[in-house]
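What follows is a set of notes on a single structure, which appears directly below.
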Amino acid sequence: MLPEDYLAPYAAHSSSASTAVGGGRRYPEAAHSSRSQFQRDRDRIIHSSAFRRLEYKTQVFLNHEGDLFRTRLTHSLEVAQVGRSIARNLRLNEDLVEAIALAHDLGHTPFGHVGQDVLNECMRDHGGFEHNLQSLRVVDELEEHYGAYNGLNLMFETREGILKHCSLPNARLLGPVAIRFIERTQPSLEAQLTNLADEIAYNSHDIDDGLRSGLITIDQLQQVDFFARLYRDVQQAFPGLTGRRAIYETLRRLITALADDLIVTSGALIADAAPRSLDEVRLAPPLIRFSDPMRKEATELKRFLRENLYRHYKVNRMRVKASRIVRELFDAFMAEPVLLPPDYHHKSGDGDGDGGSRQARKIADYIAGMTDRYAIREHRRLFSLDEL
Ligand code: MG
Numbered sequence: 001m002l003p004e005d006y007l008a009p010y011a012a013h014s015s016s017a018s019t020a021v022g023g024g025r026r027y028p029e030a031a032h033s034s035r036s037q038f039q040r041d042r043d044r045i046i047h048s049s050a051f052r053r054l055e056y057k058t059q060v061f062l063n064h065e066g067d068l069f070r071t072r073l074t075h076s077l078e079v080a081q082v083g084r085s086i087a088r089n090l091r092l093n094e095d096l097v098e099a100i101a102l103a104h105d106l107g108h109t110p111f112g113h114v115g116q117d118v119l120n121e122c123m124r125d126h127g128g129f130e131h132n133l134q135s136l137r138v139v140d141e142l143e144e145h146y147g148a149y150n151g152l153n154l155m156f157e158t159r160e161g162i163l164k165h166c167s168l169p170n171a172r173l174l175g176p177v178a179i180r181f182i183e184r185t186q187p188s189l190e191a192q193l194t195n196l197a198d199e200i201a202y203n204s205h206d207i208d209d210g211l212r213s214g215l216i217t218i219d220q221l222q223q224v225d226f227f228a229r230l231y232r233d234v235q236q237a238f239p240g241l242t243g244r245r246a247i248y249e250t251l252r253r254l255i256t257a258l259a260d261d262l263i264v265t266s267g268a269l270i271a272d273a274a275p276r277s278l279d280e281v282r283l284a285p286p287l288i289r290f291s292d293p294m295r296k297e298a299t300e301l302k303r304f305l306r307e308n309l310y311r312h313y314k315v316n317r318m319r320v321k322a323s324r325i326v327r328e329l330f331d332a333f334m335a336e337p338v339l340l341p342p343d344y345h346h347k348s349g350d351g352d353g354d355g356g357s358r359q360a361r362k363i364a365d366y367i368a369g370m371t372d373r374y375a376i377r378e379h380r381r382l383f384s385l386d387e388l
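For the sequence shown, our numbering assigns the number 1 to the initial residue and increments by one for each residue that follows.
Okay, here's the thing in structure tokens:
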């Protein structure tokens, strides 16, 4: 295994990870000669089938609406990029950050958040559906790679980082990986960091995609002080600059401002708390944070995007159509289980619950694994007599 001397003592190390919570892998494996534990996790995630499907899953815009919009795949890559840059500055474990970033959206349904909301309603009497939990379920149970066990057998720290949030009842069911939600302790700094790298990535790329789609405009964005200020800086540096270049110049300043603020603020918090190990990080308050003024700016930007982009009537229209597809697929499979592909007849669903709930879980797993275009095609195959 490669030495990790360059990491700070408070980073997650392959060798000493999670002594307090009995971490490591669920199924013990010998260390690899040329890769660290978290490099191996990252590699397993990249080779998973759920990872490849991210290419055809919606971020905000449906996958087929345009070739230049972000998908879950490019979003995850952007989160990994932002996360790694920040991690290196704080001497955190970049490989762990990358693994969590690439896996954090593996459980996303087709059609973005609406898919999750509808599936959650469909699963109301069967334990619900939450994309975060599903990401963990993908790496723990659903990937079929190894002879000896289900899932990818990832490290504890990678799994806890994927499980960004979790309700108390679910935490009780999940055991050690969710114990921090019961004990109110913190995950690794790498997990805290990836969570905010996610926010930096989507705030910036949703502006870009929103402008590209024409659903929001530069003029409208001037309402957001943070954006207006950066845009003015760009105009000062390049008088008269317009179009793609002006947008990109503004967004690169936006990412830099957010990332730099996170590095400086978190660096100071870490220096103050001076944790000497990951175990001490767990007991400290959250140490990866934006400064208060930057948190305010980011919140204002998020509010703008929510009101003007995520709730735009054109986005709403797609949302209604997508929710109909997901609901009709679920209802059809529940009413006629023979419609499920043969692969899924043999899957066990969840270990807990009655037969009906196990069946429902199997169906939720199947639908959640679909890409946008697969869901549309499957819906057509089930409801149109012209297609089989
Ligand atoms: Mg994300």
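The C-beta atom is built at its ideal place from N, Cα and C for all residues, glycine as well.
Subject >> Distance between beta carbons of I325 and I288, contact taken as under 8 angstroms >> reply: By one-based count along the sequence shown, residue 288 stands at place 288. By one-based count along the sequence shown, residue 325 stands at place 325. Between I325 and I288 the Cβ distance is about 38 angstroms, and since that is not below 8 angstroms, they are no contact.
Original post:
Quick one: is the Cβ of V79 within less than 7 angstroms of any heavy atom of the ligand MG?
Top reply: In the sequence shown, the residue the question calls residue 79 occupies position 79. Indeed, a heavy atom of the ligand MG lies less than 7 angstroms from the Cβ.
**OP:** Compute the minimum distance between the beta carbon of Y202 and the heavy atoms of the ligand MG, and state whether it is under 7 angstroms.
**Re:** On the sequence shown, residue 202 is found 202 positions in, with the first residue counted as 1. Because some heavy atom of the ligand MG lies under 7 angstroms away, the Cβ of Y202 counts as near it: yes.
Original post:
Is T256 closer than 8 angstroms to S291 when the C-beta atoms are compared?
Top reply: Against the sequence shown, residue 291 aligns to sequence position 291. Against the sequence shown, residue 256 aligns to sequence position 256. No, the pair does not count as a contact, with Cβ atoms beyond the cut-off.
Subject >> Cutoff 7 angstroms; reference T19; Cβ partners in own chain excluding five residues on either side >> reply: What you label residue 19 is simply residue 19 of the sequence shown in a count that begins at 1. Note that T19 scores a pLDDT of 48, beneath 50, so its modelled location is shaky; the value from the coordinates is reported in the next line. Around T19: D279.
Subject >> For M123, the three-state DSSP class (helix, strand or coil) >> reply: Here residue 123 refers to the residue found at position 123 of the sequence shown. Note: M123 maps to coil in three-state DSSP.
**OP:** Figure out for me which residue from H47, A101, L73 and E65 has the closest Cα to the Cα of V82.
**Re:** Within the sequence shown, residue 82 is the residue found at index 82, counting from 1. Of the candidates H47, A101, L73 and E65, the one whose C-alpha sits nearest the C-alpha of V82 is A101.
**OP:** Confirm the yes/no value for this check: CB of D117, any heavy atom of the ligand MG, distance under 7 angstroms.
**Re:** To locate residue 117, count along the sequence shown from 1; it is residue 117. No; taking the cut-off as 7 angstroms, the Cβ of D117 has no heavy atom of the ligand MG nearer than that.
**OP:** Please name the residue, chosen from N89, L7, H113 and H108, that lies closest to R311 on a Cα-to-Cα basis.
**Re:** Stepping through the sequence shown from its first residue, residue 311 is reached at position 311. Ranking N89, L7, H113 and H108 by Cα distance to R311 puts H113 first.
Original post:
Cβ-heavy atom distance between H165 and the ligand MG below 7 angstroms?
Top reply: Translated into the one-based positions of the sequence shown, residue 165 becomes position 165. The answer is no for H165.
Subject >> Through-space distance from I270 to R70, alpha-carbon basis >> reply: Position 70 of the sequence shown holds residue 70. Position 270 of the sequence shown holds residue 270. Spanning the two alpha carbons is a distance of roughly 33 angstroms.
Original post:
Candidates L211, P239 and F156: which alpha carbon is nearest V60's?
Top reply: Locating residue 60 in the sequence shown gives position 60, where the first residue counts as 1. Cα-wise, what sits closest to V60 is L211.
Subject >> Boundaries of the alpha helix (DSSP H) in which I86 is found, first to last residue >> reply: In the sequence shown, the residue the question calls residue 86 occupies position 86. Where I86 is concerned, the enclosing alpha helix (DSSP H) stretches over R72 to N89.
**OP:** Could you give the DSSP three-state label for R52: helix, strand or coil?
**Re:** Position 52 of the sequence shown, counted from the first residue, corresponds to residue 52. Three-state result, R52: helix.
Subject >> Beta-carbon separation (whole angstroms), T58 vs P110, contact threshold 8 angstroms >> reply: The residue labelled residue 58 in the question sits at position 58 within the sequence shown. The residue labelled residue 110 in the question sits at position 110 within the sequence shown. That belief holds up - the Cβ atoms of T58 and P110 are roughly 7 angstroms apart, short of 8 angstroms.
Subject >> Span of the alpha helix (DSSP H), counted from its first residue to its last, around V234 >> reply: Translated into the one-based positions of the sequence shown, residue 234 becomes position 234. It spans D225 to A237 - the alpha helix (DSSP H) in which V234 sits, taken as one unbroken run.
Original post:
Where P293 and R229 are concerned, what is the direct C-alpha to C-alpha distance, given to the nearest angstrom?
Top reply: Here residue 293 refers to the residue found at position 293 of the sequence shown. Here residue 229 refers to the residue found at position 229 of the sequence shown. Near 14 angstroms, if we compare the C-alpha coordinates of R229 and P293.
Original post:
Three or more C-beta pairs closer than 8 angstroms, one from the segment 216 to 232 and one from the segment 148 to 166: is that the case here?
Top reply: With the cut-off at 8 angstroms, the segment 216 to 232 and the segment 148 to 166 do not touch.
Original post:
Would DSSP call M155 helix, strand or coil?
Top reply: Your numbering for residue 155 matches position 155 in the sequence shown. Of the three classes helix, strand and coil, the one that applies to M155 here is strand, per DSSP.
Original post:
Counting along the chain, where does the alpha helix (DSSP H) carrying Y313 start and finish?
Top reply: Here the question's residue 313 lines up with position 313 in the sequence shown. Per DSSP, Y313 belongs to the alpha helix (DSSP H) from Y313 to A335.
**OP:** Put T265 into one of helix, strand or coil per three-state DSSP.
**Re:** Start at 1 with the first residue of the sequence shown, and residue 265 comes out as number 265. Here T265 sits in helix by DSSP.
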